[in-house]
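Visitor:
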Amino acid sequence: MSQSVPAIALRSVRKAFHTVVAIEDTSFEVQPGEIFGLLGPNGAGKTTLLRLIMDIFRPDSGSIQVFGRHFLRRDKGRIGYLPEERGLYVRQKVQAVIEYLVQLKGVRQPQARMNTLRWLERLDMLDVREHRVQELSKGNQQKVQFIATVAAEPEILLLDEPFSGLDPVNVRAFIQVIQELAASGRTIVLSTHQMNLVESLCRRVFMIHRGCQVLYGDLEQIQRTHSEKAVVVRSNANYSDCPFIAHATGNGRGTLVLLKNDAQPRELLAWLVEMQAEVEAFECAKTPLEDIFINVLQP
Amino acid sequence: MLCLSKIWVIARREFLVTVTRKGYLFAVVGMPLLFGGIFGISFLTTGTMEQSIKSNSEPIAVIDRSGTLDFGLAGGFEPTREYPPGPTELLQQTTGGKKVPRIVEYTDMALAIRELKEGKLSAVYLIEADYMSTGKIVSYAPEHGIFSDLAPPDRSRLYDLIRASLIKGRIDGETRERILAPGKLKQMKVSKHGDVESGSDAFQKAARFFGPFSMFLLLTMSIFFSSGYLLQGIAEEKQNRVIEVIWASVDPVELLTGKIIGLGAAGLLQVALYAAMLLFPAVTVFAFFQVSTTALVLSLVYFVLGYLLFAGLMAGTGILGNSPQESGQLSAFWTLLSMIPMFLLAPITEAPNSWLARGLSWFPLTAPVTMLLRITSGVTPWVDVAISTVVLVASIYLAVRGAAKLFRAAALMYGKRPAVGEILRWLRAS
Chain A
936 MSQSVPAIAL RSVRKAFHTV VAIEDTSFEV QPGEIFGLLG PNGAGKTTLL RLIMDIFRPD
996 SGSIQVFGRH FLRRDKGRIG YLPEERGLYV RQKVQAVIEY LVQLKGVRQP QARMNTLRWL
1056 ERLDMLDVRE HRVQELSKGN QQKVQFIATV AAEPEILLLD EPFSGLDPVN VRAFIQVIQE
1116 LAASGRTIVL STHQMNLVES LCRRVFMIHR GCQVLYGDLE QIQRTHSEKA VVVRSNANYS
1176 DCPFIAHATG NGRGTLVLLK NDAQPRELLA WLVEMQAEVE AFECAKTPLE DIFINVLQP
Chain B
104 MLCLSKIWVI ARREFLVTVT RKGYLFAVVG MPLLFGGIFG ISFLTTGTME QSIKSNSEPI
164 AVIDRSGTLD FGLAGGFEPT REYPPGPTEL LQQTTGGKKV PRIVEYTDMA LAIRELKEGK
224 LSAVYLIEAD YMSTGKIVSY APEHGIFSDL APPDRSRLYD LIRASLIKGR IDGETRERIL
284 APGKLKQMKV SKHGDVESGS DAFQKAARFF GPFSMFLLLT MSIFFSSGYL LQGIAEEKQN
344 RVIEVIWASV DPVELLTGKI IGLGAAGLLQ VALYAAMLLF PAVTVFAFFQ VSTTALVLSL
404 VYFVLGYLLF AGLMAGTGIL GNSPQESGQL SAFWTLLSMI PMFLLAPITE APNSWLARGL
464 SWFPLTAPVT MLLRITSGVT PWVDVAISTV VLVASIYLAV RGAAKLFRAA ALMYGKRPAV
524 GEILRWLRAS
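Chains A and B supply the protein sequences, listed in that same order. So the first sequence is numbered by my numbering: it starts at 936 and just counts up by one. So the second sequence is numbered by my numbering: it starts at 104 and just counts up by one.
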């Protein structure tokens, strides 16, 4: 696929359920081969967006394109979807469930079996393939669901909270798989509340709140934009006396200082000099995504 | 365009999962055993009742104080056959003939009563001295419960002997034979079209009813079993949230089509197994089931149409509930309506072409069961077959289309059950 054709493109999409507007005037693009972060608080509309892309819901207005055109029935086989609400046939055996779900993506039975076994082995689940799903722990059920999503080898992956219920070892394994899939050209939309993982995996993000877009674009750019008012300072000054500071909290490297809206870092530096404080360090901070998330939601 | 390979994958899974379910295995193996048991118990208890009323193989004692009887004639003529025969006689016909109790002369009443009590006699008759002028006969029979009082045991045997004794030496030849056995009845039937057909004996008559009726019952049960599995399957998939995963891979129409085919095949297999277990032995061993080819073909057609209609309705209903139990409660509406013909079984089977039966055949929800019942009860006019088929095909289209719409609207809706107005709004949506 050419870089100029987005893998997913939403333009002015609106979706309401009876009188409740879930998505309002939303537009974004996801490029082929990128890991795209979809952020937002609970109930913001992330799952609705994923369902719209998956053609489970249809927009009331606006347009959604995948692979450079409107969604076709056969596209379901080319998009893998890991929903937030996990769903498996709990009374059936692990391998049978995965094979069935992979075949529903249009993969023939022998290939589905090969892929299933390969992924079970990859995620260290081969020994439970004959177990019933209900016999597995929550984390292992999550792995089964993840395997069922990736084993069909879809070109686009929509992952809604893929790390929930996983221990750190498995989180690391999932991250590695996701990075490998992206490196092999797969497009990945990652919806999660774990901001540190978004920071480490995604280059671009889209944030939605109450159905509306609040952030969209390059993650570093967003962080730079939101860091103009944050400074890390290591000194012996009493920050509560400073007229430019809105909030100050200690962190490992010193004190993270959030400046008031009309204040600038140079004014803080001037104040420190004026106070004859001993300044060991003074640098503009890169605001963590989590702080940006909270600041955006609670302005 | 629908993806046939995905439909096939769904159908195959639904079939395999269903036929290995405990509920299915119980329905296939347990239900025939249950029905067989009920029929068997009914048959045997009826036989016991008959026995208590009519006869057993012990002799009948007769004390004749009037001097009317010539006991040398007992057993010297063919007993008058009772008509219609009861279940005991039917059973005896299938198991090799009826034992006729002997009539034995007794003079000591006390001895006769004692032997009756000891089970050596099946009945005691006392013919009073003034019998010729009064006709008085007193019968004594063992206590067999509430049916003991309904009729004296083997009365007809005694009456035959009285008749034979009374005409002895006065009337003989063919006249005597006709007095003793007034008629050997052969039944003929006149159809509505004026055709005269040979009637059947009681056994064949019973076979004419039980054969088609059993087929009707099995097909009707299979319709509701199979569509019930569909309802349960969809409700379970919604409850355990698999529905969203499935929906991310297939269209609701593909999903419903695959499920309907897979579960329909399971239903057909159920019918075939019933046929193998019940119909086949019945045909080969007892020559019991008499079903015409036309009735058989039409019954299968209405089975398929009925199944498709209820599958559509159950799919639409199954998706509205939050659990299989809730969906089951919602579907009771369809089940009750469709079972109306079962409540009107007697009038429909007695007059399969009455306006009541025809009206129910034209109403989609009652059409499958009514038509199965009518087809197996007699000759159904082709116009009714045509009308009910058209009505059913149109209803199936609307039911499946409606189910797909409800699926799209309600599959991912959890929590409160949608109101009727909301459901109608979804159905109206394009």
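Virtual Cβ for every residue (Gly too), placed ideally from N, Cα, C. These numbers were taken from a predicted model, which means no experiment stands behind them.
Mind listing the chain B neighbours of A:Leu1023? Cutoff is C-beta to C-beta under 9 Å, in chain order.
Guide: Taking the first sequence and counting its residues from 1, one reaches residue 1023 of chain A at position 88. What A:Leu1023 touches in chain B: Asn343, Arg344, Val345 and Val348.
Visitor: How would you call A:Cys1219, buried or exposed, if buried means at least 16 neighbouring beta carbons within 10 angstroms?
Guide: Residue numbering aside, residue 1219 of chain A sits at position 284 when the first sequence is read from its first letter. By the neighbour-count rule (16 or more Cβ atoms within 10 Å), A:Cys1219 is not buried but exposed.
Visitor: Skipping 5 residues on each side, what residues in its chain have a beta carbon closer than 7 Å to that of B:Tyr517?
Guide: Counting from 1 along the second sequence, the entry for residue 517 of chain B is found at position 414. Same-chain partners within the cutoff: Asn425.
Visitor: In chain B, what lies closer than 7 Å to A:Gln1038 by C-beta?
Guide: Along the first sequence, one-based indexing puts residue 1038 of chain A at 103. Those are Val112, listed as they occur along chain B.
Visitor: So what's B:Glu192 in DSSP terms, helix, strand or just coil?
Guide: For the purposes of this step, residue 192 of chain B is identified with residue 89 of the second sequence, where counting begins at 1. Any reading at B:Glu192 needs caution, since the residue's pLDDT is 48, under 50, leaving its predicted position unreliable; the model's value is listed next. DSSP places B:Glu192 in helix when its eight states are reduced to three.
Visitor: Quick one: is A:Leu1224 buried, meaning 16 or more other Cβ sit within 10 Å of its Cβ, or exposed?
Guide: Residue mapping note: residue 1224 of chain A aligns to position 289 of the first sequence, counting from 1. A:Leu1224 is buried by the Cβ-count criterion.
Visitor: Please work out which residues of its chain come closer than 6 Å, Cβ to Cβ, to B:Arg511, disregarding the five sequence neighbours upstream and downstream, and give them in chain order.
Guide: Position 408 of the second sequence, counting from 1, holds the residue named residue 511 of chain B. Closer than 6 Å at Cβ, skipping near neighbours: Pro355.
Visitor: To test your reading of the DSSP string, which unbroken beta strand (DSSP E) runs of 3 or more residues are found completely within the stretch 1119 to 1179 of chain A?
Guide: For the stretch 1119 to 1179 of chain A, whole beta strand (DSSP E) runs of length 3 or above, ordered along the chain, are 1122 to 1126, 1139 to 1144, 1147 to 1153 and 1165 to 1170.
Visitor: Assign A:Glu1070 to one of three DSSP states: helix, strand, or coil.
Guide: Start at 1 with the first residue of the first sequence, and residue 1070 of chain A comes out as number 135. DSSP places A:Glu1070 in helix when its eight states are reduced to three.
Visitor: Check whether the stretch 360 to 374 of chain B and the stretch 445 to 455 of chain B touch, using three or more Cβ-Cβ pairs below 8 Å as the test.
Guide: No: the two stretches stay apart, fewer than three of their Cβ pairs being nearer than 8 Å.
Visitor: Using the C-alpha atoms, what's the distance from B:Thr397 back to B:Trp485?
Guide: Reading the second sequence from its first residue, position 382 is the one you call residue 485 of chain B. Reading the second sequence from its first residue, position 294 is the one you call residue 397 of chain B. Each residue's alpha carbon lies about 11 Å from the other.
Visitor: Would you list the one or two residues that DSSP bridges to B:Ala506?
Guide: By one-based count along the second sequence, residue 506 of chain B stands at place 403. Partner(s): none; B:Ala506 has no beta bridge.
Visitor: Kindly indicate which residue of B:Ala379, B:Ser108, B:Met417 and B:Arg115 has the alpha-carbon position closest to the one of B:Ile337.
Guide: As a first step, residue 337 of chain B must be located in the second sequence, where it is residue number 234. Per the Cα distances, B:Met417.
Visitor: What residue from A:Leu1101, A:Leu1094 and A:Thr1084 has the CA that sits closest to A:Lys1073's CA?
Guide: As a first step, residue 1073 of chain A is located in the first sequence; it is residue number 138 there, counting from the start. With distances taken between Cα atoms, A:Lys1073 lies closest to A:Leu1101.
Visitor: Roughly how many whole angstroms lie between the Cα atoms of A:Trp1047 and A:Val1085?
Guide: By one-based count along the first sequence, residue 1047 of chain A stands at place 112. By one-based count along the first sequence, residue 1085 of chain A stands at place 150. The question names Trp, yet the displayed sequence has Ala at residue 1047 of chain A. The straight-line gap from Cα to Cα measures roughly 11 Å.
Visitor: By the 10 Å Cβ neighbour count, where 16 or more other Cβ atoms means buried, how is B:Glu453 classified, buried or exposed?
Guide: As a position in the second sequence, residue 453 of chain B is number 350, starting the count at 1. Classification of B:Glu453: exposed, given that the 10 Å Cβ count is below 16.
Visitor: Check each residue of the stretch 989 to 1009 of chain A: if its Cβ is closer than 9 Å to any Cβ of chain B, include it; give the result in chain order.
Guide: Hits within the stretch, in order: Met989, Asp990, Ile991, Phe992, Arg993, Arg1008 and Arg1009.
Visitor: Can you check whether the C-beta of A:Thr1222 is within less than 8 Å of a C-beta belonging to chain B?
Guide: Translated into the one-based positions of the first sequence, residue 1222 of chain A becomes position 287. A:Thr1222 does not count as touching chain B.
Visitor: Touch check for the stretch 945 to 960 of chain A and the stretch 1130 to 1140 of chain A: three-plus C-beta pairs under 8 Å?
Guide: Judged by Cβ distances under 8 Å, the stretch 945 to 960 of chain A makes no contact with the stretch 1130 to 1140 of chain A, as fewer than three pairs qualify.
Visitor: Give the C-beta separation of B:Leu261 and B:Ile166 to the nearest angstrom, bearing in mind that I take them to be a contact with Cβ-Cβ under 8 Å.
Guide: Here residue 261 of chain B refers to the residue found at position 158 of the second sequence. Here residue 166 of chain B refers to the residue found at position 63 of the second sequence. In fact, because the Cβ distance is near 12 Å, the residues do not count as touching under 8 Å.
Visitor: Could you please tell me which residues of the stretch 1042 to 1054 of chain A, in chain order, have their CB closer than 9 Å to any CB of chain B?
Guide: Of all residues in the stretch 1042 to 1054 of chain A, Arg1043 and Gln1044 have a Cβ within less than 9 Å of some Cβ in chain B.
Visitor: Would you call the stretch 976 to 990 of chain A and the stretch 1032 to 1052 of chain A in contact, with 3 or more CB pairs under 8 Å?
Guide: Flag = no, the stretch 976 to 990 of chain A and the stretch 1032 to 1052 of chain A do not touch.
Visitor: Counting only the same chain and skipping the five closest in sequence on each side, list residues whose C-beta sits under 8 Å from that of B:Leu333.
Guide: What you label residue 333 of chain B is simply residue 230 of the second sequence in a count that begins at 1. Closer than 8 Å at the Cβ level, and outside the excluded window around B:Leu333, lie Lys362, Ile363, Leu366, Ala414, Met417, Ala418 and Gly421.
Visitor: If B:Glu347 sits next to B:Leu515, beta carbons under 8 Å apart, how far is it from one beta carbon to the other, in whole angstroms?
Guide: Position 244 of the second sequence, counting from 1, holds the residue named residue 347 of chain B. Position 412 of the second sequence, counting from 1, holds the residue named residue 515 of chain B. The Cβ separation is near 6 Å, so the contact holds.
Visitor: Per DSSP, A:Cys1219 forms a beta bridge with which residues?
Guide: Reading the first sequence from its first residue, position 284 is the one you call residue 1219 of chain A. Answer is A:Val1166.
Visitor: With a floor of 4 residues, list each alpha helix (DSSP H) that falls wholly inside the stretch 1029 to 1058 of chain A, ordered by position along the chain.
Guide: As far as the stretch 1029 to 1058 of chain A is concerned, its whole alpha helix (DSSP H) runs of at least 4 residues are 1029 to 1038 and 1044 to 1057.
Visitor: Applying a beta-carbon distance threshold of less than 8 Å, which residues of chain A neighbour B:Val353?
Guide: Position 250 of the second sequence, counted from the first residue, corresponds to residue 353 of chain B. In chain order: Lys1011 and Leu1039.
Visitor: Between which two residues does the alpha helix (DSSP H) holding B:Val407 run?
Guide: To locate residue 407 of chain B, count along the second sequence from 1; it is residue 304. Counting along the chain, the alpha helix (DSSP H) containing B:Val407 begins and ends at Thr396 to Gly421.
Visitor: What does the Cβ neighbour count give for B:Val299, buried or exposed, with the cut at 16 atoms within 10 Å?
Guide: Reading the second sequence from its first residue, position 196 is the one you call residue 299 of chain B. Label assigned to B:Val299: exposed.
Visitor: Could you list which residues in chain C have their beta carbon closer than 7 Å to that of A:Glu1070, in chain order?
Guide: In the structure shown, chain C cannot be found, because the protein chains are A and B.
Visitor: Check whether the stretch 1116 to 1128 of chain A and the stretch 1090 to 1101 of chain A are in contact - that is, three or more C-beta pairs closer than 8 Å.
Guide: As far as the Cβ criterion goes, the stretch 1116 to 1128 of chain A touches the stretch 1090 to 1101 of chain A, which means the pair count is three or higher.
Visitor: Contact between the stretch 168 to 178 of chain B and the stretch 233 to 246 of chain B is defined here as three or more beta-carbon pairs at a separation below 8 Å; is this criterion met?
Guide: Yes, the stretch 168 to 178 of chain B is in contact with the stretch 233 to 246 of chain B.
Visitor: Just to make sure I have the definition right: I need the residues of chain B whose C-beta is within less than 7 Å of the C-beta of A:Asn1016. Which are they?
Guide: The sequence position of residue 1016 of chain A within the first sequence is 81, counting from 1. It is Tyr, not Asn, that sits at residue 1016 of chain A in the sequence shown. Those within 7 Å of A:Tyr1016 in chain B are Ala351.
Visitor: Please list, in chain order, the chain B residues whose beta carbon lies closer than 7 Å to that of A:Glu1020.
Guide: Here residue 1020 of chain A corresponds to residue number 85 of the first sequence, with the count starting at 1. Arg344 and Glu347, listed in chain order.
Visitor: Would you check if there are 3 or more beta carbon pairs closer than 8 Å linking the stretch 1204 to 1219 of chain A to the stretch 1159 to 1170 of chain A?
Guide: Counting Cβ pairs under 8 Å, three or more are found: they touch.
Visitor: Tell me whether B:Thr171 sits in a helix, a strand or coil according to DSSP, three-state version.
Guide: Indexing the second sequence from 1 puts residue 171 of chain B at position 68. Three-state DSSP puts B:Thr171 in coil, outside helix and strand.
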